[in-house]
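> With positions in the sequence shown counted from 1, the corresponding number in the working numbering is that position plus 36.
Once you've had a glance at the structure underneath, I'll fire off some questions.
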Amino acid sequence: MKSMMRMSAGSRASIAALATSLVLVACGSGPQIRYYTLLSPASNVPLSLTTAPKLLFELLPVRVPQQVDYPQMVIREDSGRVALVESRQWVAPLSDEIRAALSQGIASSLHGRDVYGLSAQDAVPVYRIKVQLSRFETVPGHYAQLDAQWSLSRVGAAKAISCDTSVRETAVDGYDGVVAAHQRALSLLADRIAQSLQRLQDSASNPCSAASGAAG
């Protein structure tokens, strides 16, 4: 009787071990997730911390369309449907990725520095940038498109100017290709924001005139 009880206990232990193994196999057999960033790999040499920037700006958090505000890449299919691709995800929240890419591009174009969240000297003018994307479209093998609106103002000033633009970049096949297209589109957007900011600093009559428009 004791022998049968020992066998039963051993059988239960074997079954438990087998079940654990099956769970581990099931967990390891899911789709492999690849992570992407919108920061451009081909950026200019960053401004040295010992070099005085020519311009200070603060880029506020970027607003993105709710339809694409997911960790997963949201793609538009040829049929017009949209799909969340579980195996392709952004390395950080989409709005943070876009903000980082724009901050990098604007700072590079203007030899400036983003001081958002930092304290700046009162004697140094700081320009505030607010960006909103009304469209962030991802179509692998076809294009990446964004429609953006932004406002510029000198911190402490009551008046702000508003601009808008649309950028479309052709994408080669695959997810890598469409992410690269988004990187180029964001680089162009950063250049246009930088142009309008430079014109605002120079007291141009229409800071948006050189920035608005479509490309692709």
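Note that beta-carbon positions come from the ideal geometry of N, C-alpha and C, so glycine has one too.
Once DSSP output is grouped into helix, strand and coil, what is the label at Asn-242?
If DSSP states are grouped into helix, strand and coil, Asn-242 belongs with coil.
> Taking the alpha-carbon of Gln-219 as reference, which of Leu-75, Ile-69 and Pro-67 has the nearest alpha-carbon?
Leu-75
> Apply the 10 Å Cβ neighbour rule to Gln-234 and answer buried if 16 or more other Cβ atoms are within range, or exposed otherwise.
buried
> Under a Cβ-count criterion, where at least 16 other Cβ atoms within 10 Å of its own Cβ denotes burial, should Gln-181 be classed as buried or exposed?
buried
> Tell me the DSSP secondary structure of Ile-69 in three-state form.
coil
> Tell me whether Arg-117 sits in a helix, a strand or coil according to DSSP, three-state version.
coil
> Residue range of the beta strand (DSSP E) that Gly-141 falls in?
Element bounds for Gly-141: not the beta strand (DSSP E) but the alpha helix (DSSP H), 130 to 146.
> State the CB to CB distance for the pair Ile-69 and Val-98, rounded to an integer number of angstroms; the pair is presumed to be in contact (CB under 8 angstroms).
Not really, about 24 angstroms apart at Cβ, beyond 8 angstroms.
> Please go through the same chain and pick out, in chain order, the residues whose beta-carbon is closer than 6 angstroms to the beta-carbon of Gly-141, but skip the five residues on each side of it.
Ser-223 and Ala-226
> Using DSSP's beta-bridge definition, name the partner residues of Ser-232.
None; Ser-232 has no bridge partner.
> Please report the distance separating the alpha-carbon of Val-118 from that of Ser-239.
44 angstroms
> Locate the beta strand (DSSP E) running through Asp-183, then write down its first and last residues.
179 to 190
> Counting C-beta neighbours from all protein chains within 10 Å, is the total for Thr-201 16 or more, i.e. buried, or is it exposed?
buried
> Hey, quick one: how far does the beta strand (DSSP E) through Gln-108 stretch, first residue to last?
108 to 112
> Please identify the residue among Ser-144, Ser-131, Ile-111 and Asp-114 whose C-alpha is closest to the C-alpha of Lys-90.
Selection Ser-144, Ser-131, Ile-111 and Asp-114 evaluated against Lys-90 yields Ser-144 as nearest (Cα-Cα).
> Can you tell me which residues form a DSSP beta bridge with Glu-173?
Gln-181
> Which of helix, strand or coil does DSSP assign to Asp-227?
helix
> According to DSSP, simplified to helix, strand and coil, what is Val-167?
strand
> Which residues does DSSP pair with Asp-209 in a beta bridge?
Answer is none; Asp-209 lacks a bridge partner.
> Just to confirm, is the Cβ distance from Asp-207 to Tyr-163 under 9 angstroms?
Before going on, a small fix: residue 207 reads as Ala here, not Asp. In this structure, Tyr-163 does not lie closer than 9 angstroms to Ala-207 by Cβ.
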